[in-house]
Amino acid sequence: MNNSDHYKALVALFDKQLEFAQNLQRKIIPSPGSFISDDYHFYSYLRPFRIVGGDFYDFHFLENGKISLLIADATGHGIDAAMITSMIKLSYSYAMKDDYINQSPSLVLKQIGSDICQQMDNTFFTAIALVLDPKEKMLCFANAGHPSAILLKGNHHVDLLKPSLPMLGLQQYMPEMNYFDMFLDFSKGDKLLLFTDGLVDAQNPESEEFSMERLIFIAKNSSHLPINQIGKNIITACMEFNRHQPPSDDICILGIEFDE
Numbered sequence: 041m042n043n044s045d046h047y048k049a050l051v052a053l054f055d056k057q058l059e060f061a062q063n064l065q066r067k068i069i070p071s072p073g074s075f076i077s078d079d080y081h082f083y084s085y086l087r088p089f090r091i092v093g094g095d096f097y098d099f100h101f102l103e104n105g106k107i108s109l110l111i112a113d114a115t116g117h118g119i120d121a122a123m124i125t126s127m128i129k130l131s132y133s134y135a136m137k138d139d140y141i142n143q144s145p146s147l148v149l150k151q152i153g154s155d156i157c158q159q160m161d162n163t164f165f166t167a168i169a170l171v172l173d174p175k176e177k178m179l180c181f182a183n184a185g186h187p188s189a190i191l192l193k194g195n196h197h198v199d200l201l202k203p204s205l206p207m208l209g210l211q212q213y214m215p216e217m218n219y220f221d222m223f224l225d226f227s228k229g230d231k232l233l234l235f236t237d238g239l240v241d242a243q244n245p246e247s248e249e250f251s252m253e254r255l256i257f258i259a260k261n262s263s264h265l266p267i268n269q270i271g272k273n274i275i276t277a278c279m280e281f282n283r284h285q286p287p288s289d290d291i292c293i294l295g296i297e298f299d300e
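Residue numbers (the numbering used here): 41 to 300.
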């Protein structure tokens with residue numbers, strides 16, 4: 041086999057592996073239409089930097105109308121990051137089978153972080169886990185080094201779901217770390233936006249970042265709209281800001297609205 045044929049064979053093998061990773065990632069990330077709730081409307085947008093990426097989300101329906109939700113961002117891009125997301129998916133699915141762990145977002149993150157650290161050293165990722173409770177009109181969350189989620193209250197007040205834990209993967213160096221949940225009122229008419237750092241870090245040709253401040257401004261000005269329209273407004277604003285340049289990172293946005 042000459043060098044040209046050898047190169048073509050390597051390219052074909054890589055393309056086959058990439059296609060496999062893409063199909064796997066499509067299967068592990070749920071479609072927006074599979075989120076069926078009498079209480080909440082759901083919106084999602086996911087655009088990998090490459091064919092596959094490290095941004096990931098999932099949800100699980102619990103008893104008494106509660107919903108568990110997870111968004112994560114694995115370091116890196118491409119096949120390596122996609123394989124980490126598949127491990128996150130598997131660990132999250134197992135955590136959902138434990139009726140004690142699945143009620144506590146911080147314990148969910150602890151379980152996922154522990155599972156992945158046992159399999160892969162020096163693997164780091166940020167994540168937010170939540171439990172939505174429509175009966176109590178509350179949300180419970182834990183944020184492991186992830187960008188702050190934006191809670192748009194019906195009275196136009198804005199709360200931020202700021203990090204309460206370090207990035208996952210670091211707990212192997214912090215054995216005494218405490219895991220705890222945070223609680224916020226989440227009433228009818230309230231809207232929640234979760235996203236990965238590829239959104240706020242997106243840059244225009246002048247190397248200016250889209251920024252958290254700009255995102256909050258757009259979200260507040262759109263707060264009277266349905267959650268899917270808020271999400272679309274944010275994506276449009278980001279694309280106009282970076283002037284339709286190719287993305288430099290994965291972008292994921294989730295929106296949840298408590299139906300009035």
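The beta-carbon is built from N, C-alpha and C at its ideal position, and this holds for glycine as well.
### Query
Would the beta-carbon of I270 fall within 8 angstroms of that of G229?
no
### Nearest-angstrom Cβ-Cβ length linking A182 and P206, presumed shorter than 8 angstroms
Actually they are not in contact, since the Cβ atoms of A182 and P206 sit about 11 angstroms apart, beyond 8 angstroms.
### Query
Beta carbon of D289: closer than 7 angstroms to some heavy atom of the ligand COA?
You won't find the ligand COA in this model; it holds no ligand whatsoever.
### Query
Should D173 be labelled buried (16 or more other beta-carbon atoms within 10 Å of its own) or exposed?
buried
### Task
Apply the 10 Å Cβ neighbour rule to L145 and answer buried if 16 or more other Cβ atoms are within range, or exposed otherwise.
The residue you asked about is not Leu; residue 145 is Pro in the sequence shown. Buried, by the Cβ-count rule.
#### Entry: First through last residue of the alpha helix (DSSP H) which encompasses D155
P145 to Q159
### Query
Taking the Cβ atom as the reference point for each residue, do D95 and C292 lie within a distance shorter than 8 angstroms?
yes
### Query
My guess is that A135 and Q151 are in contact by the Cβ rule of under 8 angstroms, so how many angstroms apart are they, rounded?
5 angstroms
### Task
Could you tell me if Q211 is buried or exposed, where buried requires 16 or more neighbouring beta carbons within 10 angstroms of its beta carbon?
Here Q211 is buried. Its C-beta has 16 or more other C-beta atoms within 10 Å.
### Query
Should G238 go down as buried or exposed, given a rule of 16 or more other Cβ atoms within 10 Å for buried?
buried
#### Entry: Whether K231 touches E297 by CB criterion (8 angstroms)
Yes, Cβ-Cβ distance for K231 and E297 is below 8 angstroms.
### Query
Quick one, are the C-beta atoms of P187 and F226 less than 8 angstroms apart?
In this structure, P187 keeps its C-beta atom at 8 angstroms or more from the C-beta atom of F226.
#### Entry: Per-residue burial, Y97 [other beta carbons within 10 Å of its own, 16 or more giving buried]
buried
### Query
D290 by DSSP, collapsed to three states: which one?
Collapsing the DSSP output to three states places D290 in coil.
### Task
Can you check DSSP and say which residues form a bridge with R87?
In the DSSP output, where bridge partners are listed per residue, R87 has I291.
### Y132 vs L147 beta-carbon contact at 8 angstroms
no
### Task
Under 6 angstroms Cβ to Cβ from A169, same chain only, skipping five residues before and after it: list those, please.
L110, P145, V148, L149 and A182
### Query
alpha helix (DSSP H) containing I256: first to last residue?
First-last of the alpha helix (DSSP H) with I256: M252 to N261.
### Beta-carbon separation (whole angstroms), N261 vs Y83, contact threshold 8 angstroms
That belief does not hold up - the Cβ atoms of N261 and Y83 are roughly 17 angstroms apart, past 8 angstroms.
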